[in-house]
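A.B. asks: Sequential numbering from 1036 applies to the sequence shown in the working numbering.
We put the beta carbon where it would ideally sit given N, CA and C, even for glycine.
A quick note: this is a predicted structure, and the numbers were derived from the prediction, not measured.
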Amino acid sequence: MTATADALRELHTLHQRAKAIRDRLLSAPKTLAARQTALAARQADVEKARKTLQDSKLGLKKNEHALQASQAKIDDLKVKLNLVKKNEEYKALQNQIAHDTSAMGKYEDQVLHAYETIEAEGVEFSRFEAEVQGVADEVEKLRKTIEDQAVAQKAQLVELEAAIVAAEDSIPADQREQYRRVVRQLAADALAPVEAGACTGCYTSVTSQMVNELINRDTLTFCKSCGRLLYLADSEAESSRNPEKPKPRSRAKS
1036 MTATADALRE LHTLHQRAKA IRDRLLSAPK TLAARQTALA ARQADVEKAR KTLQDSKLGL
1096 KKNEHALQAS QAKIDDLKVK LNLVKKNEEY KALQNQIAHD TSAMGKYEDQ VLHAYETIEA
1156 EGVEFSRFEA EVQGVADEVE KLRKTIEDQA VAQKAQLVEL EAAIVAAEDS IPADQREQYR
1216 RVVRQLAADA LAPVEAGACT GCYTSVTSQM VNELINRDTL TFCKSCGRLL YLADSEAESS
1276 RNPEKPKPRS RAKS
C-alpha cells in the first residue's frame, strides 16, 4: 500500500469532518432564525390578545359610566317627582323613570357580562403569555448554545484545515493541482473509496488496472465516470496487504 493511498484516506476523513462542521455553522443560525420568526409571530398574537383584553376593560368602564349616569338621572327624576304638583307632570316623570330604569337594567347586564368576559380573557391571556415566554426562554437558550458551540466549532475547523494542508504534502507535487481542482469542484465529495471493485461515489465499476494502480503506484487515480479521486477502502486495503495464501493440495491416496 502506497503512502499516497493512506494520505488520501486521511484527507477524505478530514474533508468530511470539516464539511460537517461547516454545515453545522451554516444550519444552526438558520434554525435559530426560523425559531425567532415563529416566536415573533406568537409574540404578535400575545399583543393582539393584550389589546383585546384592554378593549374589553375599556368597554366595561364605558358601561359602568353609563350605568352611573343612568342611576344619577333616575335619582334626579325621583327628586323632581316629589316636587311636581300637576298630575300630568307626575305621570310623565313616572314614565321617564320607568323607561330609564329599564335602560339601566340593560347596562347592568352588559356590565355583568363584561366582568365575566374580562375574567375569562384574563385567564386565557395569562396562560398564553406564560406559554410564549417559555418559548422565548427556549429560543434564547438555543441562541446562547449556538453561540458557544460556534466558538469551539470554528477552532476545530481551523485545526482541521491545518491538518488538511499538512496531509496534502503527501500528494505528488506534479498532481497536486489536479487534486485541488477536484476539491474545488466537489468539496468534501472529491474523494471516494473503492469497495467491491466499484467507486462508492457513483457505484461505477473500476478496472483491475486501476485497482492495481491504487495498490502499487504513488499517483492519483480518478474515477472515469464521476471524476472523484479514488483510494482503496479499509477492507480492500487490508486484503491487499494480507492476500490469502493458496491452500495446499491434499495427496491422493494410492
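Here's the rule: buried if 16 or more other CB atoms are within 10 angstroms of the residue's CB, otherwise exposed. What is residue 1134?
C.D. replies: The residue you call residue 1134 lines up with position 99 of the sequence shown. Residue 1134 should be labelled exposed.
A.B. asks: Between residue 1226 and residue 1267, which are expected to be in contact by the criterion C-beta below 8 Å, what is the C-beta distance as a whole number of angstroms?
C.D. replies: Within the sequence shown, the letter at position 191 stands for residue 1226. Within the sequence shown, the letter at position 232 stands for residue 1267. Incorrect: roughly 12 Å between the Cβ atoms, too far for contact.
A.B. asks: May I ask which residues mark the beginning and end of the alpha helix (DSSP H) holding residue 1150?
C.D. replies: Locating residue 1150 in the sequence shown gives position 115, counting from the first residue. Residues 1122-1202.
A.B. asks: Along the chain, where does the alpha helix (DSSP H) that runs through residue 1249 open and close?
C.D. replies: As a working note, residue 1249 is residue 214 in the sequence shown. Counting along the chain, the alpha helix (DSSP H) containing residue 1249 begins and ends at 1243-1251.
A.B. asks: Between which residues of its own chain and residue 1376 is the CB-CB distance below 6 Å, once the five residues before and five after are set aside?
C.D. replies: Lying outside 1036 to 1289, the shown extent of the chain, residue 1376 is not represented and no answer is given.
A.B. asks: Look at the alpha carbon of residue 1207 and the alpha carbon of residue 1174, and state the distance between them as a whole number of angstroms.
C.D. replies: Taking the sequence shown and counting its residues from 1, one reaches residue 1207 at position 172. Taking the sequence shown and counting its residues from 1, one reaches residue 1174 at position 139. About 50 Å.
A.B. asks: Check this for me: beta carbons of residue 1039 and residue 1255, under 9 Å apart or not?
C.D. replies: The sequence position of residue 1039 within the sequence shown is 4, counting from 1. The sequence position of residue 1255 within the sequence shown is 220, counting from 1. It is a contact, given that the beta carbons lie within the stated cut-off.
A.B. asks: Count the other C-beta atoms from every protein chain shown that fall within 10 angstroms of the C-beta of residue 1100, then say buried if there are 16 or more, exposed otherwise.
C.D. replies: Within the sequence shown, the letter at position 65 stands for residue 1100. Classification for residue 1100: exposed.
A.B. asks: Do you know offhand how far residue 1052's Cα is from residue 1178's?
C.D. replies: Sequence index remark: in the sequence shown, residue 1052 carries index 17 (1-based). Sequence index remark: in the sequence shown, residue 1178 carries index 143 (1-based). Answer to the nearest angstrom: the Cα atoms are 23 Å apart.
A.B. asks: At the level of alpha carbons, what is the spacing between residue 1170 and residue 1229?
C.D. replies: Along the sequence shown, read from residue 1 onward, the residue named residue 1170 stands at position 135. Along the sequence shown, read from residue 1 onward, the residue named residue 1229 stands at position 194. Those two C-alpha atoms are separated by around 48 Å.
A.B. asks: Could you check whether residue 1060 and residue 1231 sit closer than 9 Å to each other, using their CB atoms as the reference points?
C.D. replies: Sequence index remark: in the sequence shown, residue 1231 carries index 196 (1-based). Sequence index remark: in the sequence shown, residue 1060 carries index 25 (1-based). Not closer than 9 Å, so no.
A.B. asks: Roughly how many angstroms separate the alpha carbons of residue 1215 and residue 1245, rounded to a whole number?
C.D. replies: Within the sequence shown, residue 1215 is the residue found at index 180, counting from 1. Within the sequence shown, residue 1245 is the residue found at index 210, counting from 1. So the two alpha carbons sit approximately 21 Å from each other.
A.B. asks: Is it a yes or a no for the segment 1137-1146 touching the segment 1158-1167, going by three-plus beta-carbon pairs under 8 Å?
C.D. replies: The segment 1137-1146 is not in contact with the segment 1158-1167.
A.B. asks: Closest to residue 1182 by C-alpha separation, out of 1089, 1067 and 1147, would be which residue?
C.D. replies: For the purposes of this step, residue 1182 is taken as the residue at position 147 of the sequence shown. Answer by Cα proximity: 1067.
A.B. asks: So is residue 1044 buried or exposed if we call it buried at 16+ other beta carbons inside 10 Å?
C.D. replies: Counting from one through the sequence shown, the residue named residue 1044 turns up at place 9. With 16 or more other Cβ atoms within 10 Å, it is buried.
A.B. asks: Here's a check: name, in chain order, each residue in its chain whose Cβ is nearer than 7 Å to the Cβ of residue 1128, leaving out the five neighbours to either side.
C.D. replies: In the sequence shown, residue 1128 corresponds to position 93, counting from 1. Excluding sequence neighbours, residue 1128 sits near 1112, 1115, 1116 and 1119.
A.B. asks: Distance check for residue 1049 and residue 1055, CA to CA, integer angstroms please.
C.D. replies: Numbered from 1 along the sequence shown, position 20 holds the residue referred to as residue 1055. Numbered from 1 along the sequence shown, position 14 holds the residue referred to as residue 1049. Going from the Cα of residue 1055 to the Cα of residue 1049 covers about 10 Å.
A.B. asks: Quick one: Cα of residue 1288 to Cα of residue 1241, how far?
C.D. replies: The count along the sequence shown starts at 1 and reaches residue 1288 at position 253. The count along the sequence shown starts at 1 and reaches residue 1241 at position 206. Confidence in residue 1288 is poor, its pLDDT being 47 and thus under 50, which makes the residue's placement too unreliable to answer from.
A.B. asks: Write down the C-beta distance between residue 1105 and residue 1142 rounded to the nearest angstrom, noting that I regard them as a contact closer than 8 Å.
C.D. replies: Your numbering for residue 1105 matches position 70 in the sequence shown. Your numbering for residue 1142 matches position 107 in the sequence shown. Between residue 1142 and residue 1105 the Cβ distance is about 6 Å, and since that is below 8 Å, they are a contact.
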